[in-house]
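Have a look at the structure below, then the notes.
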Amino acid sequence: MPRSEPEFVEALKEEASAFPLWRFHNAKVERPKVLPHVWRWSMMERFAQEAGDLPELKGQGDRRALVMSNPGLKMPFSGATKTLTSAIQIVWPGEIATAHRHTPAAIRFIIQGNGAFTVQDGERFIMDQGDFTLTPSFVWHDHGNLTEKPMIWLDVLDAPLVGYLDASFFEDFPEDEQPIIHPEGYTNVRVGHGLMRGLADRPAHNRPLPVTYKWDQAYGALRDFDQSTPFDGVAMEYINPITGGHCMPTVAAVLSRLRPGERTGAHRHTATTIYHVAKGSGFSIVDGKELAWSKGDTFTLPSWTWHEHGNGSSTDDAVLFSVSDLPLLEAVGLFREEEGNPQQVTGSFD
Ligand code: 1HN
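So that you can map any letter, position 155 of the sequence shown is 155 in this note's numbering, and since no number is skipped, the others follow by simple counting.
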């Protein structure tokens with residue numbers, strides 16, 4: 001007597017760790033799904049300040065980073081998306097976030113405070129509000145704040161991707177702080193000063209460097225280059241100064257300026273994106289739901305989700321900073337984009 005199909009399937013699973021494809025042919029497989037989600041600045045700032053005040057953490061030197069976990073992913077320590085982790089980090093006056101390095105690459109966008117610093121591979125980078133800085137894979141980094149006020153920034157790391165690939169390595173530096181071996185401004189002068197690239201100590205093409213993009217220059221460029229894109233207002237990408245390509249192999253970062261009253265068209269694409277409101281206030285329509293935002297808010301845009309943006313003010317600019325996994329999708333031929341019609345609003349995120 002041959003066994004029945006259900007008995008066969010059970011035995012295949014138990015004895016051979018295999019499954020029959022025909023059972024899944026038309027079945028809808030439930031996978032964890034990244035949801036559009038907003039982390040409000042009013043909420044995150046309150047928790048960041050409280051984390052800054054926790055006496056148990058004072059002087060411990062670890063990172064006071066609040067990691068945003070996407071409610072659709074439901075795993076312990078899940079990221080903001082399947083490829084990216086984002087966090088709000090506060091560096092208290094006098095505090096040191098001790099030196100370490102890891103294979104996940106990081107970017108930081110300064111939300112609040114001026115004059116605190118990060119040290120990367122022996123160079124101190126002073127950061128001010130609106131600055132954007134890269135910490136490429138396996139670059140030593142420690143953070144410090146010699147100012148009187150806390151510094152708060154947004155971190156975005158490709159940690160979920162690197163974890164999925166089982167390529168995560170982490171090392172603590174033997175001291176709390178690494179020695180300074182380069183003068184301030186060294187890397188930016190070396191590769192990005194007035195379109196010039198140094199010939200002494202010439203950087204390798206295949207390794208991104210820990211450069212910093214100053215707010216005044218980035219926003220200044222968006223005001224000078226007053227030409228809108230169909231879906232992102234006046235938008236410019238932070239580039240790798242050596243290759244002219246995306247700022248890092250796994251992430252692309254963009255600054256978008258919506259002029260007073262500006263409203264964009266709708267589209268969707270396979271690049272999953274994290275938006276952070278750098279300036280002003282406005283709204284995005286995400287899969288038919290209105291997401292009102294203002295400075296400091298952070299929100300996720302899942303892959304293949306309709307979206308369009310609007311500036312809520314008729315007098316002031318609104319500026320969105322965004323980080324996406326676009327370079328990965330391009331590298332494997334999976335970037336896809338579709339233009340849409342203005343969406344009907346059927347609900348809201350509040
Ligand atoms: C990390 O190492 C930093 O080095 C910040 O400043 C945020 C979030 C998740 C995992 C590691 C940092 C992080 C992080």
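Heads up, the beta-carbon is just placed ideally off N, CA and C, and yes, glycines get one too.
Short Cβ contact (8 Å threshold) for residue 299 with residue 293: Numbered from its first residue, the sequence shown carries residue 299 at position 299. Numbered from its first residue, the sequence shown carries residue 293 at position 293. Result yes, Cβ atoms of residue 299 and residue 293 sit closer than 8 Å.
Check: residue 119 C-beta below 7 Å from any heavy atom of the ligand 1HN: Stepping through the sequence shown from its first residue, residue 119 is reached at position 119. Residue side-chain check: residue 119 keeps its Cβ at 7 Å or more from all non-hydrogen atoms of the ligand 1HN.
C-beta atoms of residue 323 and residue 251 nearer than 8 Å: Position 323 of the sequence shown, counted from the start, is the residue given in the question as residue 323. Position 251 of the sequence shown, counted from the start, is the residue given in the question as residue 251. Yes; because the gap between Cβ atoms is below 8 Å, this pair is in contact.
Please classify residue 162: does DSSP put it in a helix, a strand, or coil? For the purposes of this step, residue 162 is identified with residue 162 of the sequence shown, where counting begins at 1. Three-state result, residue 162: helix.
Residue range of the beta strand (DSSP E) that includes residue 289: The count along the sequence shown starts at 1 and reaches residue 289 at position 289. Counting along the chain, the beta strand (DSSP E) containing residue 289 begins and ends at 289-294.
Just verifying my parser: in three-state terms, what is the DSSP assignment at residue 154? In the sequence shown, counting from the first residue as 1, residue 154 sits at position 154. In this structure, residue 154 counts as strand in the three-state DSSP scheme.
Excluding the five sequence neighbours on either side, which residues of its own chain have a C-beta within less than 8 Å of the C-beta of residue 348, listed in chain order? For the purposes of this step, residue 348 is identified with residue 348 of the sequence shown, where counting begins at 1. For residue 348, where only same-chain residues beyond five positions count, the Cβ hits under 8 Å are 289, 290, 291 and 292.
Answer yes or no: do residue 283 and residue 245 have a C-beta to C-beta separation smaller than 8 Å? By one-based count along the sequence shown, residue 283 stands at place 283. By one-based count along the sequence shown, residue 245 stands at place 245. At the C-beta level, residue 283 and residue 245 stay beyond 8 Å of one another.
Start-to-end residues for the alpha helix (DSSP H) that takes in residue 231: Along the sequence shown, one-based indexing puts residue 231 at 231. From DSSP, residue 231 is part of no alpha helix (DSSP H); its letter is neither H nor E.
Straight-line CA distance for residue 23 to residue 139? Within the sequence shown, the letter at position 23 stands for residue 23. Within the sequence shown, the letter at position 139 stands for residue 139. Each residue's Cα considered, the two are about 47 Å apart.
Rounded to a whole number of angstroms, what is the C-alpha to C-alpha distance between residue 125 and residue 182? Taking the first residue of the sequence shown as 1, we reach residue 125 at position 125. Taking the first residue of the sequence shown as 1, we reach residue 182 at position 182. So the alpha carbons of these two residues sit roughly 11 Å apart.
Looking at the structure shown, is residue 279 part of a helix, part of a strand, or coil, going by DSSP? Here the question's residue 279 lines up with position 279 in the sequence shown. Residue state, collapsed to three classes: strand.
Which value, in whole angstroms, describes the spacing of the CA atoms of residue 17 and residue 8? Taking the sequence shown and counting its residues from 1, the one referred to as residue 17 is at position 17. Taking the sequence shown and counting its residues from 1, the one referred to as residue 8 is at position 8. Cα to Cα, residue 17 sits roughly 12 Å from residue 8.
Runs of alpha helix (DSSP H) wholly within the region 301-336 (minimum 4 residues, chain order): The qualifying runs are 326-331.
What span of residues does the beta strand (DSSP E) with residue 66 cover, start to end? Locating residue 66 in the sequence shown gives position 66, where the first residue counts as 1. Looking at the DSSP string, the run of the beta strand (DSSP E) that includes residue 66 is 64-68.
Within the continuous beta strand (DSSP E) that includes residue 257, where are the two ends? Your numbering for residue 257 matches position 257 in the sequence shown. Here the beta strand (DSSP E) through residue 257 covers 252-258.
Less than 7 Å between the CB of residue 85 and some heavy atom of the ligand 1HN, yes or no? Translated into the one-based positions of the sequence shown, residue 85 becomes position 85. Yes, since a heavy atom of the ligand 1HN falls inside the 7 Å radius drawn around the Cβ of residue 85.
Assign residue 285 to buried or exposed, taking buried as 16 or more other Cβ atoms, counted over all protein chains shown, within 10 Å of its Cβ. Here the question's residue 285 lines up with position 285 in the sequence shown. Its Cβ being crowded by 16 or more others within 10 Å, residue 285 is buried.
Determine the extent of the alpha helix (DSSP H) in which residue 80 is found, giving its start and end residues. Against the sequence shown, residue 80 aligns to sequence position 80. For residue 80, there is no enclosing alpha helix (DSSP H), as DSSP marks it with neither H nor E.
Completely contained beta strand (DSSP E) runs for the region 185-223, where each covers 3 or more residues: DSSP runs (the beta strand (DSSP E)) wholly in the region 185-223: none.
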